[in-house]
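Position in the sequence shown (from 1) plus 31 gives the number in my numbering. Note that the Cβ used here is the ideal one computed from N, Cα and C, for glycine as well. For reference, the structure is listed below as structure tokens.
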Amino acid sequence: KHNNVPNGTYAENGCAKFNYFTDERLNRIRKFGFSHVWFTGVIEHATQTDYSAQGIAVDHPWVVKGKAGSPYAIKDYFDVDPDLAESVPHRMDEFEALVSRVHKAGLKFILDFVPNHVARQYASDVAPEGQRDLGADDDSEMAFSVRNNFYYCWGEPLHTDNFVPSTATGYPYLEMPAKATGNDLFNAWPGRNDWYETVKLNYGVDYVGGGTRHFDPIPDTWRKMTAILLYWVKKGVDAFRCDMAEMVPVEFWHYAIAQVKAQAPQVQFIAEVYNPQEYRSYIAHGGFDFLYDKVGLYDTLRGVICRYASASAITQAWQSTDDIREHMLYFLENHDEQRIASDFFCADAAKAVPGLVVAACIGNNPLMIYAGQEIGERGMDAEGFSGKDGRTTIFDYWSPESLRKLAALPASVEEVEQSKLLNAEEKRLYEVYHTVLRLRESSPALREGAFFDVMYVNYQSYTGFDSNRHYAFLRKTNDEGILGVANFSDQDICVGVKIPAHAFDYLQLK
Numbered sequence: 032k033h034n035n036v037p038n039g040t041y042a043e044n045g046c047a048k049f050n051y052f053t054d055e056r057l058n059r060i061r062k063f064g065f066s067h068v069w070f071t072g073v074i075e076h077a078t079q080t081d082y083s084a085q086g087i088a089v090d091h092p093w094v095v096k097g098k099a100g101s102p103y104a105i106k107d108y109f110d111v112d113p114d115l116a117e118s119v120p121h122r123m124d125e126f127e128a129l130v131s132r133v134h135k136a137g138l139k140f141i142l143d144f145v146p147n148h149v150a151r152q153y154a155s156d157v158a159p160e161g162q163r164d165l166g167a168d169d170d171s172e173m174a175f176s177v178r179n180n181f182y183y184c185w186g187e188p189l190h191t192d193n194f195v196p197s198t199a200t201g202y203p204y205l206e207m208p209a210k211a212t213g214n215d216l217f218n219a220w221p222g223r224n225d226w227y228e229t230v231k232l233n234y235g236v237d238y239v240g241g242g243t244r245h246f247d248p249i250p251d252t253w254r255k256m257t258a259i260l261l262y263w264v265k266k267g268v269d270a271f272r273c274d275m276a277e278m279v280p281v282e283f284w285h286y287a288i289a290q291v292k293a294q295a296p297q298v299q300f301i302a303e304v305y306n307p308q309e310y311r312s313y314i315a316h317g318g319f320d321f322l323y324d325k326v327g328l329y330d331t332l333r334g335v336i337c338r339y340a341s342a343s344a345i346t347q348a349w350q351s352t353d354d355i356r357e358h359m360l361y362f363l364e365n366h367d368e369q370r371i372a373s374d375f376f377c378a379d380a381a382k383a384v385p386g387l388v389v390a391a392c393i394g395n396n397p398l399m400i401y402a403g404q405e406i407g408e409r410g411m412d413a414e415g416f417s418g419k420d421g422r423t424t425i426f427d428y429w430s431p432e433s434l435r436k437l438a439a440l441p442a443s444v445e446e447v448e449q450s451k452l453l454n455a456e457e458k459r460l461y462e463v464y465h466t467v468l469r470l471r472e473s474s475p476a477l478r479e480g481a482f483f484d485v486m487y488v489n490y491q492s493y494t495g496f497d498s499n500r501h502y503a504f505l506r507k508t509n510d511e512g513i514l515g516v517a518n519f520s521d522q523d524i525c526v527g528v529k530i531p532a533h534a535f536d537y538l539q540l541k
């Protein structure tokens, strides 16, 4: 709905639906230059909305963040979220129809997989026959057991005082014994800054007992979570974005990804990771296809865009993962990070265009764009639980203006120029993103060519090139060569770029 109410309910603010992604809208996404769509919040998660009339258990509001609830507090791993269905009893049919439309448009479907934690009141009501619930067979008198799916704070109830406001009403939430909280909190006193709405899953690591690892025999959680992955593969999911992948032992990924790829070798796995020391292990041993490049290119480009880092730092950023660069997923925005156009980033989406060019054009690896980024979504709404923090909320029922505009745009990307839905600044940004993405897709040099960074011969230049504000590189195939120059300054400028002799030899330039 257009009239958002802060901290509003589903009835007040509404929610998008699977069916809203029509053939027309999906075709426009494909023509814009995208190959995959990551749909967030698909799997059923805890919420303050009451679906008991549809046979879905009500969640206790004390352990739900926001009215909508966190999409990363999974309530039933074998079901889709009722908020997203026009007909709740037929919600899985609507999901499966969406997957079919995505494939019909020539796109791939990415689904969240949240392996580290689940909602505190996790319980599946549609699990396949023979599939036991997480925790159903746990011995809750054991703080740790390799046979348990959860960790327990033996003999201690969950204490809610530190995260539930004193003004909260209704009957209290009871959990006895308390389960360990999702952010590796192994006591019964989570606070407001903890992931108090979730419980940690047990993959065979005894964290309290010195971190000892118990992987033989295969832990029960490994088998259950692998079965969940295979369930969604059979639904047509093409790739999984794996939330907080480093909080789960790499040995599990080695096991699970191999199991999935034995049946569906085309399925891809993307890891949300933040520890560069573990990157290579999660690729070589874990089996991941792609890793977030947040602590690297994202942090560097943000620094350059915001002028607290030199453009020359881009060289070091890509070099730090050069041996695995084809596995690195580049981005400038996602739901965890602040919007470029927010007051917390640089307050002007156009200032990030040079960063977009760099992220899109220096490698053959994938690039991720967050919905609304292409027209400068600011993320400056105070939606409710999320607050005004420069991010688009994932906890509240809310309709960002940019997403409403994108949903209403004409079917043809080319018709957008004539549309009155976007202002002049939004149109320019939209056209820039479209041009960059289509060029990346159509240019052999950008799509699969060799790369050469020429910054090392341009640090001291007498041709107007400023290594603090400008970044230059080459891409080359047998039939095409491209010199790319990104200008992070506020000035339009003509510069000369030195190309070293080694580049001519390495790229076989003539």
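Alpha-carbon spacing of residue i relative to residue j, whole angstroms
i: G241; j: V389; result: 44 angstroms
i: T346; j: D497; result: 14 angstroms
i: M173; j: I249; result: 19 angstroms
i: L57; j: V230; result: 36 angstroms
i: Y227; j: A104; result: 10 angstroms
i: L216; j: A276; result: 17 angstroms
i: G318; j: A289; result: 7 angstroms
i: A99; j: N50; result: 19 angstroms
i: F300; j: E75; result: 21 angstroms
i: L115; j: Y310; result: 34 angstroms
i: G166; j: A402; result: 36 angstroms
i: V444; j: K62; result: 7 angstroms
i: T198; j: A302; result: 39 angstroms
i: L540; j: G415; result: 56 angstroms
i: G86; j: G386; result: 48 angstroms
i: K106; j: A154; result: 6 angstroms
i: F271; j: F144; result: 6 angstroms
i: F535; j: S343; result: 21 angstroms
i: R338; j: T200; result: 47 angstroms
i: A413; j: A455; result: 26 angstroms
i: Y202; j: G39; result: 22 angstroms
Residue j beta carbon less than 8 angstroms from that of residue i
i: V1; j: L261; result: Examination of residue 1 is not possible in this model, given that the chain is present from 32 through 541 alone.
i: L453; j: K436; result: yes
i: I60; j: V68; result: yes
i: F519; j: H533; result: no
i: R254; j: C392; result: no
i: N218; j: C273; result: no
i: I425; j: S101; result: yes
i: A372; j: I336; result: no
i: V17; j: T494; result: No statement about residue 17 is possible, as the shown extent of the chain runs from 32 to 541 and does not include it.
i: H358; j: N306; result: no
i: Y361; j: L398; result: yes
i: G97; j: S417; result: yes
i: S433; j: E408; result: yes
i: T158; j: F109; result: For the record, residue 158 in the displayed sequence is Ala; it is not Thr. A contact, by the Cβ cut-off of 8 angstroms.
Cβ shell of residue i (< 6 angstroms), same chain only, five flanking positions each side left out
i: E282; result: F246
i: R178; result: D251
i: M278; result: N147
i: R151; result: V94 and V230
i: P80; result: Here residue 80 is Thr; the residue named in the question, Pro, does not match the sequence. Within the same chain, T80 has close Cβ partners Y41.
i: S341; result: N499
Contacts around residue i, its chain only, beta-carbon distance under 8 angstroms, and the 5 residues preceding and following it disregarded
i: D54; result: R132, K135 and A136
i: L477; result: A391, C392, L470, R471, R506 and I513
i: T508; result: P475, A476, E479, G480 and A481
Close Cβ partners of residue i (< 7 angstroms) along its chain, the five nearest in sequence each way excluded
i: V488; result: K529 and P531
i: F504; result: I393, F482, F483, D484, V485 and G515
i: Y238; result: D215 and F217
i: A295; result: V264
i: S450; result: L440 and P441
i: Y182; result: A174, F175, K210, A211, F217, K231 and N233
i: K325; result: Y305
i: S66; result: L138 and K139
Exposure label - residue i; buried when at least 16 CB within 10 Å
i: M207; result: exposed
i: N224; result: exposed
i: T191; result: buried
i: A380; result: buried
i: E405; result: buried
i: L328; result: buried
i: E511; result: exposed
i: V149; result: buried
Report the residue ranges of all beta strand (DSSP E) runs contained in full by the region 112–169; include only those spanning at least 3 residues, in chain order.
139–144 and 148–150
Taking only runs that begin and end inside the region 182–255, name each unbroken beta strand (DSSP E) of 3 or more residues, in chain order.
229–231
Hey, which unbroken runs of the beta strand (DSSP E) at 3 residues or more fall wholly within the region 431–504?
481–484
(message) I'd like the ranges of any beta strand (DSSP E) spanning at least 3 consecutive residues and lying wholly in the region 281–311.
(response) 299–302
| request: Give, in chain order, every unbroken run of the alpha helix (DSSP H) that is at least 4 residues long and sits entirely within the region 38–64. | output: 41–44 and 54–63
If you scan the region 504–530 from start to end, which runs of the alpha helix (DSSP H) of 4 or more residues do you find wholly inside it?
none
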